[in-house]
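Under the UniProt record's numbering, the very last position in the sequence shown is 262; numbers go up by exactly one each time.
For reference, the structure discussed in these notes is given below.
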Amino acid sequence: MATELAVALTTEDDLLSRQELRARLLAVGEARYHHRHPFHVRMHQGELTRGQLQAWALNRYYYQSRIPIKDALLLAKSDDPAFRRTWRKRILDHDGDQDGYGGVEKWIQLAEATGLDRSSVISYRGILPGVIFAVDAYLALVRDSSLLVAVASSLTELFSRDLISLRMDKMRLHYPYLIPGLAYFEGRLTQAPEDAAFALDYVSTHARTAAEQQQVIRALERKCEILWAQLDAIDYAYVEPGYIPPGCFVPGESSSAASKTR
Ligand SMILES: O=C(O)c1cc(C(=O)O)c2c(n1)C(=O)C(=O)c1cc(C(=O)O)[nH]c1-2
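Here it is as structure tokens:
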């Protein structure tokens, strides 16, 4: 029987094989990952202004900056040195092993390519409340859950490579001024699949009961909701209807952004 059909016939009480669990997780991503979000669709169609891309880069900086903190919370849950050795690579990927290197720094360079000042990005000023709540919910999920659920919540990375690869193509095509800032995404093309493969193997091995497998699936759904909610907040403030909450970033108001806003 084809795996998809077998999966369709299982219930929440059934213990899934590794292949069935994988198929379930892939189905969650296909249906719920943020590649389907209208803001990303607009981005890929070349419909976003420079100001909207600035708002996206500024707000996503909050997510990027929290990822190594999230991974440190997760590391602290494991008493297995081999696990910690593998997982700590993620913190290095984002923080670098010295000042001026790493993914967080590269994200700042992407934000600069949109025309934002480094100082305004790293100040965390002007981030949307919806983005703060969503990102903080990711940290809370990892902090307050089992190691299994925390690892499972990173499984959106199973889907990020394809999205990032498409995004890079579309940015080169529609927003060539971003090309100097694409190094962040270049790095993720290899890091994300490696990280996702490890996390998938971990949850497949450690979710030993049907209930634990359901927790893994639910964690991935929850993470998809967290990513979606960030883009909802950005879309609402900067695209439709365009209500920017008080105190949040206004395109064109920052000194270097003003001259470059389309
Ligand atoms: O640009 C994206 O669409 C995207 C998505 C995701 C993701 O799926 O969670 C991550 C990233 N980027 C990313 O850059 C990143 O470092 C990252 C870490 C994690 C995680 O959950 O540990 N997800 C993601």
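Each residue gets a CB set at the ideal place from its N, CA and C atoms; glycine is no exception.
Give every residue of the same chain whose Cβ lies closer than 8 Å to the Cβ of residue i, excluding the five residues on either side of it in the sequence, and list them in chain order.
i: leucine 220; result: Leu25, Val28, Gly29, Ala152, Ser153, Leu155 and Thr156
i: serine 146; result: Lys77 and Gln215
i: proline 251; result: Thr49, Arg50, Gly51, Gln52, Gln54, Ala55, Tyr238, Ala257 and Thr261
Consider the C-beta atom of residue i and the heavy atoms of ligand 1; say whether any pair is separated by less than 6 Å.
i: arginine 84; result: no
i: serine 119; result: no
i: glutamate 221; result: no
i: leucine 139; result: no
i: arginine 125; result: no
i: glutamate 212; result: no
i: threonine 114; result: no
i: residue 307; result: Residue 307 cannot be examined here, being either before or after the span of the chain that is shown, 1 to 262.
i: residue 278; result: There is simply no residue 278 to check, as the chain begins at 1 and stops at 262 in what is shown.
By Cβ distance below 7 Å, which residues in the same chain neighbour residue i in space, the five residues on each side in sequence not counted?
i: alanine 150; result: Leu74, Lys77 and Val142
Where do the ends of the alpha helix (DSSP H) carrying residue i lie?
i: glycine 103; result: 103–113
i: glutamine 19; result: 18–32
i: leucine 75; result: 50–75
In chain order, what residues of the same chain lie with their CB nearer than 6 Å to the CB of residue i, ignoring the 5 residues before and after it?
i: methionine 1; result: At methionine 1, the pLDDT of 44 sits below 50, so the modelled position is not reliable and the matter cannot be decided from this model.
i: histidine 35; result: Leu163
i: tyrosine 177; result: none
Candidates the options: which alpha carbon is nearest residue i's?
i: tyrosine 33; options: Glu253, Leu227 and Pro251; result: Leu227
i: arginine 84; options: Asp144, Tyr202, Asp14 and Ile179; result: Tyr202
i: alanine 72; options: Arg60, Tyr184, Thr86 and Tyr61; result: Thr86
i: glutamine 64; options: Phe185, Asp14 and Thr190; result: Phe185
i: tyrosine 236; options: Gln52, Asp14 and Ala140; result: Gln52
i: proline 246; options: Arg22, Ile127 and Glu20; result: Ile127
i: aspartate 79; options: Tyr62, Arg161 and Leu148; result: Leu148
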